[in-house]
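Q:
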Amino acid sequence: MCQLLPPPKRYPKEDPPPGAAWTLVEGRSVMNNLFSEQIRGPHLKREFWNQVYCYDHTRDGTHICCSCRRFEPRNEKFVSLGDDRRDGRRICNDCFSTAILETQGIEPLVRYVLRFFDHLNMKIKAPIPVFSVDRGEMRRQTAGGTAPVHPDTTVLGLTMCSYRDITSVDKSRLQGRKIVTEMETYRFGHEYRIKILVLFGLPLVMTGGILAHEFMHAWLRLQGVSRLNPEIEEGICQVMGYQWLDWFEAVDPEASSSRSEKAQFMRNLKKTFKGEVENMLDGAYGDGFRDAQWAVSRYGLDHVIRHIIRHKTLPRE
Ligand SMILES: [Zn+2]
Ligand SMILES: [Zn+2]
0 MCQLLPPPKR
10 YPKEDPPPGA
20 AWTLVEGRSV
30 MNNLFSEQIR
40 GPHLKREFWN
50 QVYCYDHTRD
60 GTHICCSCRR
70 FEPRNEKFVS
80 LGDDRRDGRR
90 ICNDCFSTAI
100 LETQGIEPLV
110 RYVLRFFDHL
120 NMKIKAPIPV
130 FSVDRGEMRR
140 QTAGGTAPVH
150 PDTTVLGLTM
160 CSYRDITSVD
170 KSRLQGRKIV
180 TEMETYRFGH
190 EYRIKILVLF
200 GLPLVMTGGI
210 LAHEFMHAWL
220 RLQGVSRLNP
230 EIEEGICQVM
240 GYQWLDWFEA
250 VDPEASSSRS
260 EKAQFMRNLK
270 KTFKGEVENM
280 LDGAYGDGFR
290 DAQWAVSRYG
300 LDHVIRHIIR
310 HKTLPRE
């Protein structure tokens, strides 16, 4: 365990509220600024959104945006990303405005992620197809799959080294407040060893962070590195996703300089995702990230990655 970074936040109830970037505030009576009701007792506050909710809304069926984790206010209707059987996620309108909704739409973002690897002198030469998939397909691929997978119910991205067929979201359109998808199943010969899946319907910055994480798995496979301890592998992949968020803000002119409401929203979203990565409780992802991030801040990314390739561990004193 890394001693130099603070331990992850713990929540007093038996399960953490969705999204680790929540802060539980005890006591004091405040106004719930979404539902116009008085809150007495513990409530939740989001650091970057200036919104306050009763803890009870995490359990009363109120929809939560799958990206920024804000609750659906009374005066806004979130977009449904498919029925509960296949997907069941909801997304707020702000997050939806830059959401990647189909496989074709992901290409420009993949180019940004590859540029990020180039800039780190980690060029990825092999063609690696990337597919947008819904939650049902992600579940199918992770159950019994052999690739390293993210834990828990919502897997955001997956790097596959198998030749299983993939059913991706080929086209999608908004019908009322619901996304209707058209699927396409791809079958593979042995032309592509590595494939990446990413959950569809997430905003651009979040999708980019997930892709940077997944491309790091792919990059390690291309270097011939396998069977790493999950804390080492997921930790360094989380670092790449985290660093991509900052890099993208610096290279994307709209994100870095604009004072528009949308640009401000994107910056808040990025801070939220970074907060989630920093505070994740899961060992491989949370502790793995904090250890890797500590090593990177001390020895530099280049040295840490070379050390992982050679010794399958993080450098330590
Ligand atoms: Zn949202
Ligand atoms: Zn991973």
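The numbering of the sequence shown is numbering that gives the first Met the number 0, which starts it at 0 and goes up by one. C-beta atoms are modelled at their ideal positions from N, C-alpha and C, and glycine is treated no differently.
1) Assuming contact is defined by CB atoms lying nearer than 9 Å, are Val329 and Phe214 in contact in what I supplied?
2) Select from Val154, Thr158 and Asn228 the residue whose C-alpha is nearest the C-alpha of Leu221.
3) Counting Cβ pairs, one atom from each stretch, are 3 or more of them under 8 Å apart for the segment 128-142 and the segment 251-269?
4) Nearest by alpha-carbon distance to Phe77: which of Gln174, Gly104 and Ala125 is it?
5) Cutting at 7 Å between CB atoms, please list the residues of its own chain near Phe95, excluding the five before and the five after it.
6) Does Asp301 pass the burial test, meaning 16 or more other C-beta atoms within 10 Å, or should it be called exposed?
7) What do you get for Asp245, buried or exposed, if any count of 16 or more other CB atoms within 10 angstroms of its CB means buried?
8) Kindly provide the chain-ordered list of residues whose Cβ lies closer than 7 Å to any non-hydrogen atom of ligand 1.
9) What ranges does the alpha helix (DSSP H) occupy inside the segment 57-137, keeping only unbroken runs of at least 4 residues that lie completely in it?
10) Are the CB atoms of Leu196 and Phe130 within a distance shorter than 9 Å?
11) Could you tell me which of Thr153, Leu203 and Leu100 sits nearest to Lys261, measuring between CA atoms?
12) Start and end of the alpha helix (DSSP H) containing Asp245?
13) Ends of the beta strand (DSSP E) at Arg172?
14) Helix, strand or coil, according to DSSP, for Leu196 in the structure here?
15) Would you say the segment 183-192 touches the segment 232-250, given that touching needs at least three Cβ pairs under 8 Å?
16) So, are the CB atoms of Val154 and Leu198 less than 9 Å apart?
17) Alpha carbon to alpha carbon, what distance is there between Ile209 and Tyr241?
A: Well, looking at it:
1) Past the edges of the chain, shown from 0 to 316, lies residue 329, and the structure says nothing about it.
2) Residue mapping note: residue 221 aligns to position 222 of the sequence shown, counting from 1. Comparing Cα positions, the closest option is Thr158.
3) no
4) Reading the sequence shown from its first residue, position 78 is the one you call residue 77. Closest option to Phe77, judged by alpha-carbon separation, among Gln174, Gly104 and Ala125: Gln174.
5) Against the sequence shown, residue 95 aligns to sequence position 96. Cβ neighbours of Phe95 beyond the five flanking positions: Val78.
6) Within the sequence shown, the letter at position 302 stands for residue 301. The residue in question, Asp301, is exposed, as its Cβ has fewer than 16 Cβ neighbours within 10 Å.
7) Taking the first residue of the sequence shown as position 1, residue 245 is located at position 246. Classification for Asp245: exposed.
8) Cys64, Ser66, Cys67, Arg69, Ile90, Cys91, Asp93 and Cys94
9) 92-95 and 106-118
10) Along the sequence shown, read from residue 1 onward, the residue named residue 130 stands at position 131. Along the sequence shown, read from residue 1 onward, the residue named residue 196 stands at position 197. Their beta carbons are under 9 Å apart, which means Phe130 touches Leu196 by this criterion.
11) Counting from 1 along the sequence shown, the entry for residue 261 is found at position 262. Among Thr153, Leu203 and Leu100, the Cα nearest to that of Lys261 belongs to Leu203.
12) Your numbering for residue 245 matches position 246 in the sequence shown. Note, Asp245: alpha helix (DSSP H), Pro229 to Val250.
13) Working through the sequence shown from its first residue, we reach residue 172 at position 173. That run of the beta strand (DSSP E) goes Ile165 to Gln174.
14) The count along the sequence shown starts at 1 and reaches residue 196 at position 197. Residue state, collapsed to three classes: strand.
15) Judged by pairs of C-beta atoms under 8 Å, the segment 183-192 does not touch the segment 232-250, as fewer than three such pairs exist.
16) In the sequence shown, the residue the question calls residue 154 occupies position 155. In the sequence shown, the residue the question calls residue 198 occupies position 199. Result yes, Cβ atoms of Val154 and Leu198 sit closer than 9 Å.
17) Stepping through the sequence shown from its first residue, residue 241 is reached at position 242. Stepping through the sequence shown from its first residue, residue 209 is reached at position 210. Cα to Cα, Tyr241 sits roughly 9 Å from Ile209.
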